[in-house]
Amino acid sequence: EDKVVQSPLSLVVHEGDTVTLNCSYEVTNFRSLLWYKQEKKAPTFLFMLTSSGIEKKSGRLSSILDKKELFSILNITATQTGDSAIYLCAVFSGGSNYKLTFGKGTLLTVNP
Amino acid sequence: KAGVTQTPRYLIKTRGQQVTLSCSPISGHRSVSWYQQTPGQGLQFLFEYFSETQRNKGNFPGRFSGRQFSNSRSEMNVSTLELGDSALYLCASSFSGEKLFFGSGTQLSVL
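In order, the protein sequences belong to chains L and G.
Mapping to the working numbering: the first sequence position 58 is 306, numbers consecutive.
Mapping to the working numbering: the second sequence position 60 is 236, numbers consecutive.
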């Protein structure tokens, strides 16, 4: 069975801190790894990674995938209170098991 | 471009009843997936439809069913509701099934 594990489950930091969120996975027929941010209801797309070792960046957020060690990290630098959210990691598997498997998420709280 | 639209936003039902949730995908998207989200379990995959065909199904009982229409709109149905079905039900659409765009969900409470 496909498995995605995120750590830590929750994290409290102060504005300006840098955080690293972790995601490890075990899936068959790996195709891609995706990160989402969920503030209230609808998760919003952050990154999709398919190639190992290539960093994706968007402003203060960046992510990288290691396909050999089966993990990804999401970095957020100079955190702001608006970064407070649940960050979800998901892995897309193809073949006959065509689906996106989510981890349980990391709850990030950024205090002023 | 309009996003994924789910209706209703909130729903209160009693045990034993059935419920139908609706999802309108982003225009041009042919894949619609459904997820159940609870605080303890996170997002659990229910099923995915592509061009009116169910491509994959998660590990949920047969009380959970879905369908997709020719205009890509999708519905999911839960029959004989149980207390444990209380959850946020999220629908997501994509062009090919990989990069998902989510709706705001339907919050279902079963009393």
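Glycine included, C-beta positions come from ideal geometry on N, C-alpha and C.
Buried or exposed for L/Leu-282, please, with buried defined as at least 16 other CB atoms from any protein chain shown within 10 angstroms of its CB.
Flag for L/Leu-282 reads buried.
Assign L/Asp-265 to one of three DSSP states: helix, strand, or coil.
Here L/Asp-265 sits in coil by DSSP.
Extract the residue ranges of the beta strand (DSSP E) inside the stretch 272–340 of chain L, only unbroken runs of 3 or more that lie entirely within it.
Within the stretch 272–340 of chain L, the complete beta strand (DSSP E) runs of at least 3 residues are 278–286, 292–297, 304–306, 309–314, 319–324.
Count the other CB atoms, across all protein chains shown, that sit within 10 Å of the CB of L/Phe-295; report buried if there are 16 or more and exposed otherwise.
Its Cβ being crowded by 16 or more others within 10 Å, L/Phe-295 is buried.
What does L/Leu-336 touch in chain G if you count any residue whose Cβ is under 9 Å from its own?
Going along chain G in sequence order, the residues near L/Leu-336 (Cβ under 9 Å) are Gly-218, Leu-219.
Mind listing the chain G neighbours of L/Ala-333? Cutoff is C-beta to C-beta under 9 Å, in chain order.
Within chain G, no residue comes near L/Ala-333; the closest Cβ sits about 14 Å away, beyond 9 Å.
Rounded C-beta distance between G/Gly-279 and G/Thr-181? I'm assuming under 8 Å.
Contact flag correct, Cβ pair sits at about 6 Å.
Using Cβ-Cβ distances below 9 Å, what residues of the stretch 186–209 of chain G are close to chain A?
Absent from the structure is chain A; the protein chains it does hold are L and G.
Leaving aside the five residues before and after L/Ser-332 along the sequence, list all residues of the same chain whose C-beta is less than 7 Å from its C-beta, in chain order.
Only Leu-356, Thr-357, Val-358 meet the Cβ criterion.
Cutting at 8 Å between CB atoms, please list the residues of its own chain near L/Leu-259, excluding the five before and the five after it.
These residues qualify, in order along the chain: Val-267, Leu-269, Thr-354, Leu-355, Leu-356, Thr-357.
With H, G and I counted as helix, E and B as strand and the rest as coil, what does DSSP make of G/Leu-259?
Looking at G/Leu-259 - three-state DSSP - the assignment turns out to be helix.
Which chain G residues sit within Cβ distance under 9 Å of L/Phe-295?
None at all; the shortest Cβ gap to chain G is about 10 Å.
Considering only the beta carbon of each residue, do G/Leu-266 and G/Gln-213 sit closer than 8 Å?
The answer is yes: Cβ separation under 8 Å.
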